[in-house]
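Quick note: the sequence shown uses full-length UniProt numbering, first residue 1, plus one each step.
Worksheet: one structure, shown below.
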Amino acid sequence: PGACVNDARCPLLDNPLAPTFLPHAQDCSRFYICSHGQACEHTCPAGLHWSPAHSRCEWPNVACCDPTIVCRPGCPEVCPPPATTTTTTTTTTLPPPVTTTVLPDVPCEPCLQQCIDDSRCPIDDNPFDPTLLPHENDCTRFYKCAFGKRCLMVCQPG
């Protein structure tokens, strides 16, 4: 943990069964855990953002913290980039042709099917120490446990 500072939002008496979390004001990858009236800074694992809604580190598209990233909380990181639909409308009066790009309204359900029940995956995940499982026959892939399910992931290049 990083430095702790007094914070009026933090209770003086901690409840270990329901800790108080606070988001960082400028950095989506950082957050605070309250301890005896102080906010103590923590950092999410690389590539993850703090999700106030889930009180844990999540993929950026699930955490919905960064306004430059499309917020799709129903989709795991293994989803392909969302498809776009482009439509062009031409009118015979003054307005010039208008092109709009629309994200599909349907979340990426096919991706969600890549997460399957696995007894090796704990129901309660620790975002600081996620359970990872090897892929059966492809060393460029692995599984990350999420809520008792294993989700197919792709390794970073190299």
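For each residue, glycine too, the CB sits at the ideal point set by N, CA and C.
Hey, is residue i's beta-carbon within less than 8 Å of any beta-carbon in chain B?
| i | result |
| --- | --- |
| residue 130 | Among the chains in the structure shown there is no chain B, since it carries only a single protein chain. |
Considering only residues of the same chain and omitting the five flanking positions on each side of residue i, which have a CB-CB separation below 6 Å?
| i | result |
| --- | --- |
| residue 170 | The question about residue 170 has no answer, for the chain in this structure spans 1 to 158. |
| residue 115 | 149, 151 |
| residue 117 | 149 |
Could you tell me which residues DSSP pairs with residue i in its beta bridges?
| i | result |
| --- | --- |
| residue 39 | 5, 34 |
| residue 142 | 134, 153 |
| residue 57 | 50 |
| residue 22 | 32 |
| residue 115 | 151 |
Tell me which residues share the same chain as residue i and place their Cβ nearer than 7 Å to its Cβ, disregarding the 5 neighbours each side in the sequence.
| i | result |
| --- | --- |
| residue 134 | 142 |
| residue 123 | 147, 148 |
| residue 140 | 154, 155 |
| residue 71 | 61, 64 |
| residue 20 | 10, 11, 34 |
| residue 26 | none |
| residue 69 | 60, 61 |
| residue 121 | 131, 145, 148, 149, 150 |
| residue 58 | 48, 49, 51 |
Whose C-beta lies closer than 8 Å to the C-beta of residue i among residues of the same chain, with five residues either side of it excluded?
| i | result |
| --- | --- |
| residue 125 | 56, 131, 145, 146, 147 |
| residue 161 | Nothing in the structure corresponds to residue 161, since the chain is present only between 1 and 158. |
| residue 200 | Nothing in the structure corresponds to residue 200, since the chain is present only between 1 and 158. |
| residue 54 | 62, 63 |
Rounded to the nearest angstrom, how far is the Cβ of residue i from that of residue j, given a contact under 8 Å?
| i | j | result |
| --- | --- | --- |
| residue 4 | residue 29 | Actually they are not in contact, since the Cβ atoms of residue 4 and residue 29 sit about 18 Å apart, beyond 8 Å. |
| residue 66 | residue 39 | In fact, because the Cβ distance is near 21 Å, the residues do not count as touching under 8 Å. |
Using a Cβ distance threshold of 8 Å, determine whether the stretch 4–20 contacts the stretch 42–49, with at least three qualifying pairs required. no
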